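Take a look at the structure set out below.
Here's what the structure looks like:
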């Protein structure tokens, strides 16, 4: 986790969030998202890190991340009983 935080320090909370070994990229539009995705992939390459393709999901409009649902409408906490 510390390694990813150091690798992505300049981009954290601007267009990405890192939680343990999960990386979430968020953007306002498709063009911006493609640019942010390329920045993230280049940073991984520059630091000789690899993403496991089977765990990757691209171009989703809604994701569940760290107990929250993230979408264009905002962030909602998942209700737990």
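Residue numbers (this note's numbering): 3 to 83. Quick reminder that beta carbons are idealized off the backbone N, C-alpha and C, glycines included. On a predicted model such as this, the values are computed, not experimentally measured, just so you know.
Start and end residues, alpha helix (DSSP H) containing residue 37: In the chain shown, counting from the first residue as 1, residue 37 sits at position 35. Per DSSP, residue 37 is one residue of the alpha helix (DSSP H) stretching across 32-48.
Please state whether DSSP places residue 24 in a helix, a strand or coil. One-based indexing of the chain shown puts residue 24 at position 22. It is a strand residue.
Neighbourhood of residue 69 by C-beta, 6 Å cutoff - its chain only, sequence neighbours within 5 removed: Within the chain shown, residue 69 is the residue found at index 67, counting from 1. In chain order, 80 place their CB closer than 6 Å to the CB of residue 69, counting only its own chain and leaving out the 5 sequence neighbours on each side.
Would the C-beta of residue 50 count as close to the ligand GTP, meaning under 7 Å from any of its heavy atoms? For the ligand GTP, the structure offers nothing, since it holds no ligand at all.
In the DSSP output, which residue or residues are listed as bridge partners for residue 11? What you label residue 11 is simply residue 9 of the chain shown in a count that begins at 1. Answer by DSSP bridge pairing: none, since residue 11 is not bridged.
Taking DSSP's pairing of strands, which residues face residue 73 in a bridge? Counted from its first residue, the chain shown places residue 73 at position 71. According to DSSP, residue 73 shares a beta bridge with 64, 76.
On a CA-only basis, which of 66, 18, 4, 64 is nearest residue 40? Give me that one, please. Numbered from its first residue, the chain shown carries residue 40 at position 38. Residue 18 holds the alpha-carbon nearest to the alpha-carbon of residue 40 among 66, 18, 4, 64.
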